[in-house]
Amino acid sequence: MEHEELVHIIAARDAFDDFCKRSLMNHRDDLTKSQVDVLIGLKFAGKMSMTQVSEHLAVSKEQATRATAPLVQRGFVKRERRKDNYRVVEVSLTDEGEQRLADGLAVVLREINGNLRGISDEDRARLVEASRTAVEILRETKQVGL
């Protein structure tokens, strides 16, 4: 792949990330960015080991534990040891965590939809189709875990 093509991919990623995370961070209430990222990661993954959480956040295991612990205390996330390997701790969303994330995402989706109102129907359709295509290609090549 040529340099210019790679630059376009990075620019698209940054644009999507900025557009979505700005809305999400505006409505995260008392959660840190890392805690929001943990909740979203667990929503898509179902269960994650603490190693997987640290990889998802791109931080050390200790930092992942610090981000996750308050979510456990608040009842948004539960910790369980794997039955086949007691040393491995897995975390997953609780019903309360699912609801907290759903409530937050509903607000964010309304804000994102409002931000997209200034875009023509044709451009909106192109943006949605480009997004679907990008995710589809990355899933097929196992480049994302969505």
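Residue numbers for the sequence shown follow UniProt numbering, beginning at 1 and rising by one. Ideal Cβ placement from N, Cα and C applies to all residues, glycine included.
- In the DSSP assignment, the residues bridged to V91 are M48, R79.
- The DSSP-derived three-state label of G114 is helix.
- Inter-residue distance for P70 and E55 is about 19 Å (C-alpha atoms, whole angstroms).
- Taking one beta carbon from each stretch, the segment 40–55 and the segment 91–107 have 3 or more pairs nearer than 8 Å; the two touch.
- When secondary structure is reduced to three states using DSSP, I9 falls in the helix class.
- A contact is defined here as three or more CB-CB pairs under 8 Å, and the segment 96–109 fails this definition with respect to the segment 59–69.
- Annotation for R124: the continuous alpha helix (DSSP H) segment containing it runs 121–140.
- Put simply, the backbone Cα of H8 is about 42 Å away from that of R81.
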